[in-house]
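So the mapping is simple: this note's numbering equals the position in the sequence shown, first residue as 1, plus 778.
Just so you know, even glycine gets a beta-carbon here, dropped at the ideal spot from N, CA and C.
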Amino acid sequence: MADDWVFPKGELMKGKRGLVMGVANGNSIAWGIAQQLAAQGAELAFTYQGEALEKRVRPLVESIGASTMLECDATNDDELDAVFAQLEQQWGGLDFLIHSIAFSDKSELKGSFTENTTRENFLRTMDISAFSFVAAGKRASKLMKNGGAMVTLTYLGAERVLPSYNVMGVAKAALEASTRYMARDLGPSGIRVNAISAGAMRTLAIAGITGGRGLIQTGREWSLMKEDTSMEGIAGAALWLVSDLGRSTTGETVHVDAGFHAVAVPDLGGEG
Ligand SMILES: NC(=O)c1ccc[n+]([C@@H]2O[C@H](COP(=O)([O-])OP(=O)(O)OC[C@H]3O[C@@H](n4cnc5c(N)ncnc54)[C@H](O)[C@@H]3O)[C@@H](O)[C@H]2O)c1
């Protein structure tokens, strides 16, 4: 897709207010999603992880006319409480949550999962990459008095084995299962909970995975569409899921990866 792609403008999100967690820079998936939701009229607030990132995130946030930026380490209950208390005070409610957060120790995202995974990093990876969605979702649901929608970001490594993804794949499996259990609990309140399983993208997060570039290349070469996953496609799926267009969809993991997930054996050349 051309670099000059402009996110389609419209009013699908007019009157809706949402929190976006996980923008680190202009390449972040959360930022692609935020741009699309803003272009459709959503009012957005953002969390960022620590002061160092604030400098990078602020100009992005201001470029779409938003201003609410709240510091939040997703493992810190007090900071999570403060974020949602602030949103309650400011908005009196919330319509959607975008959760786009993951972390694992780089040194364990390579080689043997069995040999390299420590208890400490296993638990930390689970905490940041899976439980943080439950923790944020629980607080967000209290503000979704008229129903709402939550979306998290996952990857194929939850379902199938990929090189280097290791403990992150285990955490993503927990994240996807959490999505379904949250959808059960919150469904009767009109709150939908879904995950987007995105193809490999050039972001900070993938730089932490040994062979991450290879995942992008293989994703392109093996995919049914023979192309990279586009930010526009991921953002479009998020728009569908958090807008009223997604009204009957919940507990779902939607693959947005140019069809990569459907392939068991790549093209072998020749016919057939
Ligand atoms: N890049 C890919 O190929 C790809 C593919 C599928 C899914 N995903 C998922 O998309 C999500 C966003 O990743 P990205 O690729 O945009 O990279 P990114 O590095 O831009 O975003 C990751 C975010 O997680 C945040 N984070 C990490 N630890 C945190 C903590 N303790 N508290 C609060 N925030 C914390 C970082 O600040 C950052 O904003 C992740 O869940 C990632 O696993 C990425």
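| Asked | Found |
| --- | --- |
| Using C-beta distances below 7 angstroms, list every residue in its chain close to residue 883, excluding the 5 sequence neighbours before and after it, in chain order. | 899 |
| Can you check whether the C-beta of residue 1030 is within less than 7 angstroms of a C-beta belonging to chain D? | Protein chain content of the structure displayed is limited to a single chain, and chain D is not contained in it. |
| What whole-angstrom Cβ distance do residue 878 and residue 830 have, given they're in contact under 8 angstroms? | Rounded, the Cβ-Cβ distance is 18 angstroms, inconsistent with contact. |
| Answer yes if the segment 784-793 comes into contact with the segment 844-862, meaning at least three C-beta pairs across the two stretches below 8 angstroms, and no otherwise. | no |
| Less than 7 angstroms between the beta carbons of residue 969 and residue 931, yes or no? | no |
| Using the beta-carbon count (16 or more within 10 Å), is residue 959 buried or exposed? | exposed |
| Does the contact criterion of 3 or more C-beta pairs under 8 angstroms hold for the segment 1034-1048 versus the segment 886-895? | no |
| Return the CA-CA distance between residue 1035 and residue 938, expressed in angstroms with no decimal places. | 14 angstroms |
| Who does residue 881 pair with in a DSSP beta bridge? | BP columns for residue 881 are empty, so no partner. |
| Under DSSP, the alpha helix (DSSP H) around residue 994 begins and ends at which residues? | 990-1000 |
| Rounded to whole angstroms, what's the CA-CA distance from residue 854 to residue 989? Just pull it up for me. | 31 angstroms |
| Could you give the DSSP three-state label for residue 1025: helix, strand or coil? | coil |
| Once the 5 residues before and after residue 797 are set aside, which same chain residues still bring their CB inside 6 angstroms of it? | 823 and 875 |
| Helix, strand or coil for residue 935, going by three-state DSSP, please let me know. | helix |
| Mapping DSSP to helix, strand and coil, what is residue 976? | strand |
| Hey, is residue 881 close to ligand 3, as in C-beta under 6 angstroms from one of its heavy atoms? | For ligand 3, the structure offers nothing, since it holds only ligand 1. |
| The beta strand (DSSP E) that contains residue 826, what's its start and end? | 821-826 |
| Can you tell me whether residue 943 sits near ligand 1, meaning its C-beta is under 6 angstroms from at least one heavy atom of the ligand? | no |
| Report the residue from 1033, 1013, 1048 and 837 whose alpha carbon sits nearest the alpha carbon of residue 818. | 1013 |
| Excluding the 5 residues flanking residue 1015 on each side, which residues of the same chain have their C-beta closer than 8 angstroms to its C-beta? | 974, 1032 and 1034 |
| With DSSP collapsed to three states, give me the class of residue 951. | helix |
| Assess, as a yes-or-no matter, whether the segment 950-964 is touched by the segment 909-916 under the definition of 3 or more beta carbon pairs within less than 8 angstroms. | yes |
| Spatial neighbours of residue 943 within its chain, please: CB distance less than 6 angstroms, with the 5 preceding and 5 following residues excluded, ordered by chain position. | 935 |
| Please check the pair residue 1103 and residue 858, which I expect to be a contact at CB under 8 angstroms, by giving their CB distance rounded to whole angstroms. | Absent from the structure is residue 1103, since the part of the chain shown begins at 779 and ends at 1050. |
| Beta carbon of residue 995: closer than 6 angstroms to some heavy atom of ligand 1? | no |
| I'd like the list of long-range same chain contacts for residue 918, defined as Cβ closer than 6 angstroms, with 5 residues on each side in sequence excluded. | 872 and 875 |
| Grab me the residues of residue 1004's own chain with a C-beta within less than 8 angstroms of its C-beta, minus the 5 sequence neighbours each way, in chain order. | 998 and 1036 |
| Around the C-beta of residue 1006, are 16 or more other C-beta atoms found within 10 angstroms, so that it is buried, or is it exposed? | buried |
| Need the endpoints of the beta strand (DSSP E) that residue 893 sits in, please. | Premise fails: residue 893 lies in the alpha helix (DSSP H), 891-894, not in any beta strand (DSSP E). |
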